[in-house]
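Enquirer:
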Amino acid sequence: MEMVRLLLACAAIIPVVTSAAGFSLTIGPPVAAGTGAKVTKTAAVFAVRLEECDKLDNAQISGTADGIVDGARVSAPVTLITANSPGVYVVSPAWSQSQGVWVVTLSATCGSARAGAIVPIGPGIGGAGFLRERIRVFPRQATKAEIEAALKALRGLGN
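This note's numbering puts the first residue of the sequence shown at 483, with every later residue one more than the last.
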């Protein structure tokens, strides 16, 4: 009887754990995208992977770079380049990383599921790359308030 209770308890837990894993974005260094020619010829800042998406052919991803340069709020396009692995992209800067502070905001869909991320970019000449410890991922698109808060936090780094 004790074994039956244990099995029923486990059966009740498994659907909760499985449903908790949903569509999301994973951010990593550009090398995580693989060694394809598209990646190596690009000055990529970071790679992004669509996780738990069973419809990659219908998935979409877009991004924007938002920054503060010389005290002014600016936005710039983000170039997302498809890597050799399905659902993997590298982000190439279309903005000047050497001035101001920047965050890249990503928004993705997989069927009806949504995911988003805010990826802060380190300050300095040529940019210091993405700041892994400050990345925020969401099961939705990031809000304007969240983007502004990320920029404000970066300005506190001495810029």
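Ideal Cβ positions, reconstructed from N, Cα and C, are used throughout, including at glycine.
1. What are the boundary residues of the alpha helix (DSSP H) that L636 is part of?
2. Could you say if the stretch 527-536 and the stretch 590-601 meet the contact criterion of at least three C-beta pairs nearer than 8 Å?
3. Determine the contact status of L588 and A599, defining contact as a CB-CB distance below 8 Å.
4. Report the partner residues of E533 according to the DSSP bridge assignment.
5. Using 8 Å as the cut-off, can you tell me whether the stretch 561-580 makes contact with the stretch 537-551, which would need three or more C-beta pairs spanning the two stretches below that distance?
6. Please work out which residues of its chain come closer than 8 Å, Cβ to Cβ, to K523, disregarding the five sequence neighbours upstream and downstream, and give them in chain order.
7. Find out if the Cβ-Cβ distance for the pair S506, A624 is shorter than 8 Å.
8. Measure the alpha-carbon distance for G604 versus G611 and round it to whole angstroms.
9. Residues in the same chain with beta-carbon distance under 7 Å from G649, minus the five sequence neighbours each way, listed in chain order, please.
10. Is R622 helix, strand or coil when you go by DSSP?
11. Cα-Cα, which of A526, V619, P559 and V551 is closest to L636?
12. Hey, could you find the ends of the beta strand (DSSP E) G598 is sitting in?
13. Cα separation between I563 and G553?
14. Nearest to G582 by CA position, among P511, K634 and G510, is which residue?
15. Less than 8 Å separating the beta-carbons of G516 and S567?
16. Hey, how far is the Cα of S580 from the Cα of Y571?
Expert: From the atom records:
1. Unbroken alpha helix (DSSP H) run through L636: K626 to R637.
2. The stretch 527-536 is in contact with the stretch 590-601.
3. Yes, the pair counts as a contact, with Cβ atoms nearer than the cut-off.
4. Paired residue(s): S506.
5. Contact check between the stretch 561-580 and the stretch 537-551: three or more CB pairs, one atom from each, fall below 8 Å, which counts as touching.
6. Its pLDDT being 46, under 50, K523 is placed unreliably in this model, and the coordinates cannot settle the point.
7. By the CB criterion at 8 Å, S506 and A624 fall outside the cutoff.
8. Whole-angstrom Cα-Cα distance: 5 Å.
9. Within the shown structure, residues of the chain are numbered from 483 to 641, placing residue 649 beyond reach of any answer.
10. In the structure shown, R622 falls within a coil segment according to DSSP collapsed to helix, strand and coil.
11. Closest by alpha carbon: V551.
12. A595 to I603 is the extent of the beta strand (DSSP E) around G598.
13. Going by the C-alpha atoms only, they are around 30 Å apart.
14. For the set P511, K634 and G510, the Cα lying nearest the Cα of G582 is the one of K634.
15. Yes; because the gap between Cβ atoms is below 8 Å, this pair is in contact.
16. Between S580 and Y571, the C-alpha separation is close to 23 Å.
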